[in-house]
Structure formats: structure tokens, C-alpha cells
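Novice: With this note's numbering applied, the sequence shown closes on residue 234, and no number is skipped along the way.
Ideal Cβ placement from N, Cα and C applies to all residues, glycine included.
After the C-alpha cells below, expect a handful of questions from me.
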Amino acid sequence: MPLPPTETRLTRSLAREDAYGKLRDWIIDGTLQPGETLRDQEIAQSLGVSRTPIREALRRLEDEGFVETALNRWTRVAPLDLRKAIELYGVLEALEVFALEKARLTPQDLESMAAANETMRRSIERRKAASALQADEAFHGVWMARAQNSELWILVAQLKIKLRRVELAYWHRASQTEQSVREHAAILKALGKGSRREAIAALKQNWEGSMRRLRSVAHTQDSAQNDSPERGRS
């Protein structure tokens, strides 16, 4: 289980949260791959802390679906589940539609959204998945913030963290990523002319387009598994 070097040792007072954050980041960005065994002693040595905060962090990550365990056998990175991710898209669509209905947007907000969409477009051209996804979140985050509902913001952030892992892993395989930029432009156009109804319809198309693209990846993956020699011999 190779771990990246850490610049500084974690302080004891922040060990639990820092260990959790570091491990979660490594799982999300693929540093720790699905199915990879997680050894608390090795992680503790890498981060310069005792095994206790590592074990606590692993339990928390298990509760969130990032880690799975078999008692007294192994702890490992949970597999990627495209079906659950598709279900999350549906939930997030409903929550973001609600937020857009409530949001009080200014001309400056629309400028921020346009800038984020342009950053996303450039990142896609350069095949920079992480920066493209960050720009996508910035675009959607404008009206999420303007909805002025802290509980909604927290809930959406928690769900998007789970999606980020799948999106990073399959970003280069999900076709028509440029389509997301065009879908964003449609949202902006509707908001620019003051039609909240059209903007909401465009937002729904954006989320449903993302679901279609991920379903295509899932279908291709399922077909490959069904056609594999190992499957045929089972």
C-alpha cells in the first residue's frame, strides 16, 4: 500500500480530523485504489500519529461508504458503485432545483457562473479532470449559496463528496463532457433573460445529461464483465 509522502507530521490535537481528511482525499483522487488493503500501522507511520486516530478515521470512512471491512480479516477501499452514483444524481437534481427556485441571484452572480463555465471549458480541452470538476462545482455553487439554506448546503456538499470519487475515476470515459458546458450555457441564458422556469428546465437537462453519460459508462462496464472469459467459465 504505497502512500504519498506527507510534508509535515500531524499534530495530536488535529490527528483525528487530519487523518480522516487525508485518507478521504487519497480515496477520492485515486491515490488509494478500490479494493486496496488499508493497514492502520502503515498509515499511522506515514502520518506520524498513533494507530488510534487512524482506526477512528477508518470507521468514519466506513460509515460514509468509502471503506469496507471484514472483522479481523481486512480493511480496504470500497469499490466504486456506479448504480449508487446514478441514484445520487437524481437526489442532487431535486435538491439543486429547489435551491435554484429559492436563490436570489444578482448580475454579479451570473458573471461568476459564466467565469466558472469558461474555466470548465478550458479544463476539459486540456483534459484536466480535477479542475474541470472544481469549476463545475463552482458554477452550481453560486445559486446554492444564494438559496441561503445552510442545511441544504451541507447536505449537497456531503453528497457531492461521494460523487467526486466516481466522477474523477470515470471522467475520461464519460463521453460528451463538453455537453455539460453547453448545458450550463443554457442555464445562464435563461437566467439572463429572467426566466426562472426555463433555467430550472435547463438545470434538469444538465443533471439528466450527466446521468445518461454515467449510465453509458455503466452499461459498457457491465457488457465487458459479461463478455469476460472468467464470467463465461463461472
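1) Name the two residues that bound the continuous alpha helix (DSSP H) containing T69.
2) Using the Cα positions of R146 and A70, report the straight-line distance between them to the nearest angstrom.
3) Check V181 in the structure and name its three-state DSSP category.
4) Please determine if the segment 145-165 and the segment 84-102 are in contact, where contact requires at least 3 C-beta pairs separated by less than 8 angstroms.
5) Let's see if you can read the secondary structure: which residues bound the alpha helix (DSSP H) around V91?
6) Is any beta-carbon of chain C found at less than 8 angstroms from that of E118?
7) Ordered along the chain, which non-local residues of its own chain (more than five positions away) have a Cβ less than 8 angstroms from that of F139?
8) From W153 to V49, what distance separates their C-alpha atoms?
9) Helix, strand or coil for V156? Go by DSSP, reduced to three states.
10) Rounded to whole angstroms, what is the Cα-Cα separation between T75 and T37?
11) Comparing alpha-carbon positions, which option in L105, D25, S210 lies nearest G141?
12) Report the residue from I54, V67, R51, A44 whose alpha carbon sits nearest the alpha carbon of L32.
13) Decide if K22 is buried, meaning its Cβ has at least 16 other Cβ atoms within 10 Å, or exposed.
14) Beta carbon of R165, beta carbon of I27: below 8 angstroms?
15) Within the same chain, show all residues whose beta-carbon is closer than 6 angstroms to that of R206, passing over the 5 residues directly before and after it, in chain order.
Specialist: The short version:
1) That residue, T69, is in no alpha helix (DSSP H); its beta strand (DSSP E) goes 67-70.
2) 43 angstroms
3) helix
4) yes
5) 82-102
6) The chain inventory of the structure shown lacks chain C, comprising one protein chain alone.
7) M113, A116, N117, M120, H184
8) 32 angstroms
9) helix
10) 6 angstroms
11) L105
12) V67
13) buried
14) yes
15) In the sequence as presented, Arg is not what sits at residue 206; that position holds Asn. Answer for N206: E183, listed in chain order.
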